[in-house]
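Protein chains in written order, with this note's numbering: chain A, 1477 to 1817; chain B, 283 to 696. Read through the structure below, which is laid out as structure tokens, and then see the notes.
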């Protein structure tokens, strides 16, 4: 299959383009996604190509978007709803938790809801508290929802197609700082592009990346760094800066969780650092700690460490003091490796 | 009031004319309190290992030798301090001496105890062993008790590298030193002496034991319910008793001191026996009938069993371990096809029994399967000529191949 260089916006656009063409049940809905093409241009050109009955502009009402999408999904469509920023998703939370997540269970599988909810997440764009949040943990906690977050254009396209084809609801987080290029946590450096990045080479046609499968993006023996989203690139930069033989695992899916890959990695290295951008307290990393200590306890050389966003709302100022950047990851690796074993 | 007296224990006569004995292992150390009759020391005499009990209750002050040392009967074996409650004045001199000795041993014990405490003292947090789960797993897999390991990490945490020493201590050493003392020293001396002074020659002959096997099976089927199964050995010993009458030069001792050969009228057969201490040779006496009475096969079998079990258990009497005039050595199923036994001096012949195996042989002009056994024997060529040795073994072979006669209680069956 012919691959070409795509950024994550183009890769996501390609996924929906392909699915709209392949499956007449696929519809897109969201704020400004049709005529305007989306605030991040992810749906650019799709309404023009497939028509306003396939790519729908909605009012600014997230509860309504998701509620309508649930109705479509239960009645045979395969909707892809966009919530413009993950920071705006909370009005839809009741619909997602009380209706969407439970439909299969409540109806004894008479109804399923093949609904994908796309939403840009994460900070690093000087977006302040209303455009920078990482709420994946509050969805991972809800039984009945799948939660994924790609870290590169290739995975973004493959995972989005897999999500659209999935018969159960998937919450699809898009780290917006990665839309245009990988980001290693250094805001003062010139922005990088996906062009030339191996994961920026994306097949033009249909392919999937399986939900529930993590990727070892760097193999190593000294420690395991478990991370996802933007922090994959921050961690790789920290590892390169230290010149340490770390293994970096990109979860890609939070739910279902690929415990097999995690167990193999941590059992091999005996040391584990968990890194995510979301706040630490009761965050998704806490679940990872629990899962890993349960499975790898007798292999642990040191306590499992975490680097996460500080336990405050995302700040307007001091973003780079808040954001868990390269220096924090470097220090955490050094502390973890200094634990005598 | 109480007083302390000193009790010197001298090595007693361990019986049967012992003049000295070798220390094998002490069961006590200086400073120990022992009770009367508690095991004190294992001593080895020429023929047996004997456990010597403590003669008194008291504290051990000193021991008379190290393992491997030979102590003469009557020499000081151990010294005890005995506390007694008596009326009247203590023996001042004795008491002082004992006190000084006790202080010395107590000081030594204190140093030893301190060393133990030092090697085990691990500063720990909360009284628990500090170690990562991975280190605990490594220790578990290596069979190391972490309580015995000194941690070199923060707060005394046991690190992977700390297990190295414990692992080395647990591992079997590349070379293990075993002092050659006691029975083993005796075996070594006698074997090298025999090989050095006696020019051995070996003679191997095969014996068809097909009929002997049939007889053995029949005897076993007919034996009393409580009698153990017969092996080949009693038949071989019995046959030896019969044929040696015609070969007195093989049933002899050489007395080197007087330079005479002692030909024995009686046949006392030594049975080479593997024991936990090493090779011993218990003796079955008068197999050819010392007083006109010949032991039957069953009686011979029980006597062989009795003396070899006594030797294995270390409770054979001195006379049960000496006085043989010829020796039989048999390893049963481990017997191999040929062996070259070493003489049990001062004897001049030893009969080695190899394993019994079914072989294709020519018998009565036909190729057939027979049960065959080799006899590998050694003789002292100074006193036994090849012709006589060969004739003895041929006679023995003949008896074993016509075994019915061996059941007779008559000495000469011809």
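Using N, Cα and C, we set each Cβ at its ideal position, and we do this for glycine too. Please read these numbers as outputs of a predicted model, since none were measured by experiment.
Once you ignore the five residues that flank residue i on each side, which residues in its own chain have a CB closer than 6 Å to its CB?
i                       : result
residue 431 of chain B  : 440, 444, 448
residue 1815 of chain A : 1778
residue 1553 of chain A : 1501, 1503
residue 1679 of chain A : 1477, 1479
Which bits of chain B does residue i rub up against, with CB to CB less than 7 Å?
i                       : result
residue 1670 of chain A : Within chain B, no residue comes near residue 1670 of chain A; the closest Cβ sits about 39 Å away, beyond 7 Å.
residue 1746 of chain A : 416
residue 1722 of chain A : Those within 7 Å of residue 1722 of chain A in chain B number zero; the least Cβ separation is about 17 Å.
residue 1778 of chain A : 414
Would you kindly report the start and end of the unbroken beta strand (DSSP E) that includes residue i?
i                       : result
residue 485 of chain B  : 482-490
residue 633 of chain B  : 631-645
residue 415 of chain B  : Unbroken run through residue 415 of chain B is the alpha helix (DSSP H), 415-424; no beta strand (DSSP E).
residue 652 of chain B  : 648-662
residue 453 of chain B  : Counting along the chain, residue 453 of chain B falls outside any beta strand (DSSP E), and DSSP gives it neither H nor E.
residue 325 of chain B  : 321-326
residue 275 of chain B  : The displayed coordinates of chain B run from 283 to 696. Any statement about residue 275 of chain B would go beyond what the structure contains.
residue 1762 of chain A : Looking at the DSSP string, residue 1762 of chain A is not in any beta strand (DSSP E); the run it does join, the alpha helix (DSSP H), is 1760-1772.
Tell me the rounded alpha-carbon separation between residue i and residue j.
i                       : j                       : result
residue 1627 of chain A : residue 1691 of chain A : 10 Å
residue 535 of chain B  : residue 550 of chain B  : 12 Å
residue 1567 of chain A : residue 1589 of chain A : 19 Å
residue 332 of chain B  : residue 538 of chain B  : 30 Å
residue 1604 of chain A : residue 1791 of chain A : 6 Å
residue 1487 of chain A : residue 1632 of chain A : 7 Å
residue 513 of chain B  : residue 603 of chain B  : 22 Å
residue 705 of chain B  : residue 585 of chain B  : Summary: the structure shown does not reach residue 705 of chain B, with chain B confined to residues 283 through 696, and so no result is reported for it.
residue 471 of chain B  : residue 532 of chain B  : 23 Å
residue 1765 of chain A : residue 1747 of chain A : 12 Å
residue 1555 of chain A : residue 1812 of chain A : 44 Å
residue 1625 of chain A : residue 1683 of chain A : 17 Å
residue 340 of chain B  : residue 352 of chain B  : 25 Å
residue 683 of chain B  : residue 613 of chain B  : 21 Å
residue 317 of chain B  : residue 364 of chain B  : 11 Å
residue 1645 of chain A : residue 1652 of chain A : 21 Å
residue 311 of chain B  : residue 305 of chain B  : 14 Å
residue 542 of chain B  : residue 630 of chain B  : 13 Å
residue 464 of chain B  : residue 588 of chain B  : 24 Å
residue 402 of chain B  : residue 410 of chain B  : Any reading at residue 402 of chain B needs caution, since the residue's pLDDT is 42, under 50, leaving its predicted position unreliable; the model's value is listed next. Each residue's Cα considered, the two are about 14 Å apart.
Give the interface partners of residue i over in chain A, defined as CB-CB distance under 7 Å, in chain order.
i                      : result
residue 442 of chain B : 1817
residue 435 of chain B : 1816
Excluding the 5 residues flanking residue i on each side, which residues of the same chain have their C-beta closer than 7 Å to its C-beta?
i                       : result
residue 668 of chain B  : 483
residue 688 of chain B  : 517, 520, 521, 579, 681
residue 1806 of chain A : 1714, 1717, 1718
residue 1721 of chain A : 1696, 1697, 1698
residue 1740 of chain A : none
residue 1511 of chain A : 1523, 1533
residue 1780 of chain A : 1748, 1750, 1765, 1768, 1769
Looking only at its own chain, which residues have a Cβ that is under 8 Å from the Cβ of residue i, when we skip the five neighbours before and after it?
i                       : result
residue 529 of chain B  : 670, 673, 674, 677
residue 1656 of chain A : 1483, 1484, 1485, 1667, 1669, 1670
residue 1786 of chain A : 1755, 1756, 1798
residue 561 of chain B  : 469, 554, 555
residue 1508 of chain A : 1514, 1515, 1533, 1560
residue 1570 of chain A : 1539
residue 1676 of chain A : 1481, 1482, 1483, 1628, 1629, 1630, 1669, 1670
residue 416 of chain B  : 442
residue 452 of chain B  : 424, 425, 426
residue 395 of chain B  : Unreliable placement is indicated for residue 395 of chain B, whose pLDDT of 45 sits below 50; no coordinate value is reported for it.
Starting from residue i, find everything on chain A with Cβ-Cβ shorter than 8 Å and list it in chain order.
i                      : result
residue 419 of chain B : 1774, 1775
residue 247 of chain B : There is simply no residue 247 of chain B to check, as chain B begins at 283 and stops at 696 in what is shown.
Name the two residues that bound the continuous alpha helix (DSSP H) containing residue i.
i                       : result
residue 1625 of chain A : Element bounds for residue 1625 of chain A: n/a, residue is neither H nor E.
residue 514 of chain B  : Counting along the chain, residue 514 of chain B falls outside any alpha helix (DSSP H), and DSSP gives it neither H nor E.
residue 1709 of chain A : 1707-1718
residue 559 of chain B  : Taken as a continuous stretch (DSSP letters only), residue 559 of chain B belongs to no alpha helix (DSSP H), as it is neither H nor E.
residue 464 of chain B  : 464-479
residue 581 of chain B  : 579-595
residue 1512 of chain A : Residue 1512 of chain A -> no alpha helix (DSSP H), and no H or E assigned at all.
residue 1757 of chain A : No alpha helix (DSSP H) contains residue 1757 of chain A, which DSSP labels as neither H nor E.
Spell out whether any CB of chain D is found under 8 Å from the CB atom of residue i.
i                      : result
residue 416 of chain B : The structure shown has no chain D; the protein chains it does contain are A and B.
* Asked: Which runs of the beta strand (DSSP E) spanning at least 3 residues fall entirely within the segment 285-309 of chain B, listed in chain order?
  -> Unbroken beta strand (DSSP E) stretches of 3 residues or longer found wholly inside the segment 285-309 of chain B: 302-308, given in chain order.
* Asked: Taking only runs of the beta strand (DSSP E) that begin and end inside the segment 1540-1600 of chain A, which ones reach a length of at least 3 residues, in chain order?
  -> Segments of the beta strand (DSSP E) lying fully in the segment 1540-1600 of chain A: 1554-1558, 1592-1597.
* Asked: Mind pulling the alpha helix (DSSP H) runs of 4 or more residues that sit fully within the segment 1660-1747 of chain A?
  -> At a cut-off of 4 residues, the continuous stretches assigned as alpha helix (DSSP H) that sit fully inside the segment 1660-1747 of chain A are 1707-1718, 1735-1745.
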